[in-house]
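Counting from 5, one number per residue, gives the positions in the sequence shown under my numbering.
From the three backbone atoms N, C-alpha and C, an ideal C-beta is built for every residue, glycine too.
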Amino acid sequence: FNRLNTNNRGVPLTFSPTTFAGNTSLKSPGATLAAFGDDGAIRNCTFVGNTCQGDGMFGAAIFGSPALELRNCLFVGNTGKNPGAPMQCQMNAATKGAGNLQWPKQNLAGNDDAACVSGVTWADPLLGALGPHGGPVPTVLPAAGSPALTAGVDCPPTDARGKARPAQGCTAGAAEGVL
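Below, the structure is given as structure tokens:
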């Protein structure tokens, strides 16, 4: 899809575990997920290679005003055409979370990008290609040695493919990797 717009007034926005990969937004404000309304949670999701192509667009992964909880998510290579604006996320300052990784650290202008959430770890999770890695949906898997492999906290019992996850120290993102 090009962009998922939500106006979740009265209903918390919830995604877990989901891969958002290779989406392109052509209209302002941008974002693969444009969320407006009440709070919610995005847990164990992967946002990779999404783009905003219009002038002045930003926040290629998530844009919006709800105070979201982001837990165990990967934000990798999401870009916007506006070189000085936040590339990956533009959200409410009340957004909180843990176990999240974001890469790269610099935006297109060479300045530090805005963190998707306070306390994010700036590290390349060494993701492979989107593909059929078992289960009902395409996913991306981190390579051996990836900092994503044990970054997760308070993990769900299974990943997007239905594979088991440990309760603590799971792989951040939609799919559980192999140590």
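**Prompt:** Which one or two residues does DSSP pair with cysteine 93 in a beta bridge?
**Reply:** Ile66
**Prompt:** How should proline 70 be labelled, buried or exposed, when 16 other C-beta atoms within 10 angstroms of its C-beta is the threshold for buried?
**Reply:** buried
**Message:** Report the CB separation of valine 144 from alanine 176 in whole angstroms; it is logged as a contact under 8 Å.
**Reply:** With 8 Å as the limit, valine 144 and alanine 176 do not qualify as a contact, their Cβ atoms being about 12 Å apart.
**Asked** Which one or two residues does DSSP pair with cysteine 56 in a beta bridge?
**Response** Ser29, Gly84
**Prompt:** Would you say the stretch 97-110 touches the stretch 73-82, given that touching needs at least three Cβ pairs under 8 Å?
**Reply:** yes
**Request:** Check whether the Cβ atoms of cysteine 93 and cysteine 49 lie closer than 8 Å to each other.
**Result:** no
**Prompt:** Does DSSP put glutamine 110 in a helix, in a strand, or in coil?
**Reply:** strand
**Message:** Just to confirm my understanding: we take glutamine 172, look at its own chain, exclude 5 residues before and 5 after, and list those with CB closer than 8 Å. What are they?
**Reply:** Gly156, Val157, Asp158, Cys159
**Request:** Starting from the C-beta of threonine 23, find all residues in its chain whose C-beta is less than 6 Å away, skip the five residues before and the five after it, and write them out in chain order.
**Result:** Thr50, Thr143, Ala178
**Asked** Should threonine 55 be labelled buried (16 or more other beta-carbon atoms within 10 Å of its own) or exposed?
**Response** Threonine 55 counts as buried, since no fewer than 16 other beta carbons sit within 10 angstroms of its beta carbon.
**Prompt:** Going by Cα to Cα distance, which pick from Asn115, Thr28, Asn96, Thr154 is closest to methionine 61?
**Reply:** It is Thr28.
**Request:** Pick out whichever of Lys31, Arg169, Gly26, Cys174 has its Cα sitting closest to the Cα of asparagine 82.
**Result:** Gly26
**Asked** In angstroms, rounded to a whole number, what distance separates the CA positions of glycine 88 and glycine 58?
**Response** 14 Å
**Message:** For a quick check, are the C-beta atoms of glycine 139 and arginine 169 less than 8 Å apart?
**Reply:** no
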